[in-house]
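**Student:**
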Amino acid sequence: MWFICDGCGIACAIVTWFLVLYAEFVVLFVVLIPSRNGIINGIVFNLLAFLALASHCRAMLTDPGTVPKGNATQEFIKSLQLKPGKVLCKCPNVRKRCVPKMGHHCPWINNCVGKNNQKYFVLLTMYIALISLHTLVMVEFHFLHCFEEDWTKCSPVPPTTVILLILLCFETLLFLIFSSVMFETQVHSICTDDMGIEQLNN
Numbered sequence: 001m002w003f004i005c006d007g008c009g010i011a012c013a014i015v016t017w018f019l020v021l022y023a024e025f026v027v028l029f030v031v032l033i034p035s036r037n038g039i040i041n042g043i044v045f046n047l048l049a050f051l052a053l054a055s056h057c058r059a060m061l062t063d064p065g066t067v068p069k070g071n072a073t074q075e076f077i078k079s080l081q082l083k084p085g086k087v088l089c090k091c092p093n094v095r096k097r098c099v100p101k102m103g104h105h106c107p108w109i110n111n112c113v114g115k116n117n118q119k120y121f122v123l124l125t126m127y128i129a130l131i132s133l134h135t136l137v138m139v140e141f142h143f144l145h146c147f148e149e150d151w152t153k154c155s156p157v158p159p160t161t162v163i164l165l166i167l168l169c170f171e172t173l174l175f176l177i178f179s180s181v182m183f184e185t186q187v188h189s190i191c192t193d194d195m196g197i198e199q200l201n202n
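In terms of full-length UniProt numbering, the sequence shown opens at residue 1 and continues consecutively.
(1) With residue 111 as the anchor, note down where its beta strand (DSSP E) starts and where it stops.
(2) Which term fits residue 64, buried or exposed, when burial requires 16 or more other beta carbons within 10 angstroms of its beta carbon?
(3) If distances are taken between C-alpha atoms only, which option among 194, 139, 154 comes closest to residue 146?
(4) Closer than 8 Å is the cut-off here; do at least three beta carbon pairs connect the stretch 97-116 with the stretch 21-34?
(5) If we call anything under 8 Å between Cβ atoms a contact, is residue 14 one with residue 60?
(6) Helix, strand or coil: which one does DSSP assign to residue 26?
(7) Answer yes or no: do residue 44 and residue 188 have a C-beta to C-beta separation smaller than 8 Å?
(8) Give every residue of the same chain whose Cβ lies closer than 6 Å to the Cβ of residue 30, excluding the five residues on either side of it in the sequence, and list them in chain order.
(9) Using the three-state DSSP reduction, which class does residue 157 fall into: helix, strand or coil?
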């Protein structure tokens, strides 16, 4: 199993899970349970949350394609016939192992995005974008419903409900934008066969 023992990366990974579980709590107890037609939305939301967290685990625990230690012998390097200064791969400081075709080191998954775990990272960004969009739509309909009705019928504690929903809207809007941009850049790098570090070097 592949795991990077980096304090910042582990903290970011824990925050990622906390944010998904916070959204799960608010959507389940504030939006879905009080509504009359929450079963389909609940199934879709929970499926997307499960797929996002599973993709997060796979992206975090998969070797991104590191070069095995001890294979950089002088004979092997000479056989490559490289120009002076030619970079074969990027060696991030966190793991101190070279990762060919590395996109970037993502603290949210506590791992580098490379050829072996890029598909899980792409799926993670897609699922986070979808769950964020779905949550924003559900919260919008919930607000509209509660504005038409009396707030006390929507929730036994209206001020707390409003605060939880506003925080959820802020979280989902932020992650919708962030994960959509990351998804687009990853799809672009797949289509052009050019990883993030290579794009910056060019």
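Even glycine gets a Cβ: it sits at the ideal position worked out from N, Cα and C.
**Tutor:** Inspection of the coordinates gives the following:
(1) 111-113
(2) buried
(3) 154
(4) no
(5) no
(6) helix
(7) no
(8) 161, 164
(9) coil
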